[in-house]
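First comes the structure, then the notes that go with it.
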Amino acid sequence: MSPEVTLLAAVALPFVALPAVLALHRRPNLREAATLVTALCLVLLVLSLANQVQQGARPAARVVETLPGLAIAFEAEPLGVLFALLASFLWLVTSVYSIGYMRGHGEAHQTRFYACFAAALGSTMGVALAGNLFTLFIFYELLTLTTYPLVTHSGDAAARRAGRVYLGLLLGSSVAFFLLALVATWSLTGTLAFRHGGILAGVVSPGTAAILLALYLFIIARMIGGLGVGAALEVGLQPGAHQSH
Numbered sequence: 013m014s015p016e017v018t019l020l021a022a023v024a025l026p027f028v029a030l031p032a033v034l035a036l037h038r039r040p041n042l043r044e045a046a047t048l049v050t051a052l053c054l055v056l057l058v059l060s061l062a063n064q065v066q067q068g069a070r071p072a073a074r075v076v077e078t079l080p081g082l083a084i085a086f087e088a089e090p091l092g093v094l095f096a097l098l099a100s101f102l103w104l105v106t107s108v109y110s111i112g113y114m115r116g117h118g119e120a121h122q123t124r125f126y127a128c129f130a131a132a133l134g135s136t137m138g139v140a141l142a143g144n145l146f147t148l149f150i151f152y153e154l155l156t157l158t159t160y161p162l163v164t165h166s167g168d169a170a171a172r173r174a175g176r177v178y179l180g181l182l183l184g185s186s187v188a189f190f191l192l193a194l195v196a197t198w199s200l201t202g203t204l205a206f207r208h209g210g211i212l213a214g215v216v217s218p219g220t221a222a223i224l225l226a227l228y229l230f231i232i233a234r235m236i237g238g239l240g241v242g243a244a245l246e247v248g249l250q251p252g253a254h255q256s257h
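Start counting the sequence shown at 13; every next residue gets the next number (the numbering used here).
Here you go:
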């Protein structure tokens, strides 16, 4: 498998597994086997990609160009691959734990949980392997949406309230700051590509660069803070007398 194909497969695999998980909702053993096999295959894919990057390869792939110079694209570089490797390994470990936990407590909506988990991991792979800021933005927003059902998993009033806070923090900050920074960067430089030395160097004044940097730093802080609040308020995986679906 070429490095470019491995790169695209690492992003696509969790999304490909999602319909299988949904289709097997009446056969929980097969549903969970599909989850575990997909998680294991993803770890192996990312390990292969990491080995290729370690040998000096920098695979990149453009999926679709929405506007001239503005494409959904992926690229494997050492830090991003390390993040992808950590996330894929944690998916495998967490899936093993979740199966025992959710069956032991008779949690409701188990199929939805595993399907959203797969979509969230696919989104995480997109974030880790994004080739430009536009792709990073798209997959981060997708990650927010796909993790919302996990935050509200139990379906009670506390979970729904946690979900509203979660979405309000992450989507609100993204539109108010991240999207604003992206539009400003695109307008000033004509690109959102990741480049050595930065895309603002020699293009904008130091003051403008400082403002944009502050916006990006703020949205990163809000991402981390929002995830922390979501985790603290998340009550979806509590023991309960629910029947699996």
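All C-beta atoms in this analysis are idealised placements derived from N, C-alpha and C, irrespective of residue type, glycine included.
Under the three-state DSSP convention, the category T203 falls into: coil
Among L227, L183, L54, Y178, nearest to V195 - alpha-carbon criterion: L227
Residue closest to L56, alpha-carbon to alpha-carbon, out of A32, Y109, V23, P40: V23
Supposed contact pair F86 and A142 - C-beta distance, whole angstroms, cut 8 Å: 6 Å
Distance, S217 Cα to L102 Cα: 42 Å
Nearest neighbour of V187, chosen from Y152, L79, A205 [CA to CA]: Y152
Classification of A253 by the beta-carbon crowding that lies within 10 angstroms, buried from 16 upward: Confidence in A253 is poor, its pLDDT being 35 and thus under 50, which makes the residue's placement too unreliable to answer from.
Close beta carbons around P40, own chain, < 6 Å, minus the five adjacent residues each side: none
Rounded separation between L145 and A88 - CA only: 14 Å
Selected residue, minimal CA-CA separation from G184, among A32, L204, T156, T147: T156
Neighbourhood of Q255 by C-beta distance below 7 Å, restricted to the same chain and skipping five residues each side: Residue placement at Q255 cannot be trusted, given a pLDDT of 42 that sits under 50; what the coordinates show is reported in the next sentence. These residues qualify, in order along the chain: G118, A120.
Close beta carbons around A73, own chain, < 6 Å, minus the five adjacent residues each side: E16, L19, L20, F86
Continuous beta strand (DSSP E) stretch holding V76: start and end: 72–79
Start-to-end residues for the alpha helix (DSSP H) that takes in F125: 122–140
Alpha-carbon spacing of A130 relative to P26, whole angstroms: 5 Å
Contacting residues, own chain, Cβ-Cβ under 7 Å from F95 (five flanking each side not counted): A140
C-beta atoms of L42 and L36 nearer than 8 Å: yes
Runs of alpha helix (DSSP H) lying entirely within the segment 153–211, each at least 4 residues, in chain order: 169–185, 191–201
Reduced DSSP secondary structure (H/G/I, E/B, other) of A4: The displayed coordinates of the chain run from 13 to 257. Any statement about residue 4 would go beyond what the structure contains.
L36: first and last residue of the uninterrupted alpha helix (DSSP H) it sits in: Premise fails: L36 is in no alpha helix (DSSP H) and is neither H nor E.
Cross-strand partners of N144 (DSSP beta bridge): A205
Simplified DSSP state of E246, which is helix, strand or coil: Confidence at E246 is low in this model, with a pLDDT of 37, below 50, so the placement of that residue is unreliable and no value is reported for it.
Cβ shell of Y126 (< 6 Å), same chain only, five flanking positions each side left out: V33, T47
For M13, the three-state DSSP class (helix, strand or coil): coil
Burial state of H208, where buried means 16 or more other Cβ atoms lie within 10 Å: exposed
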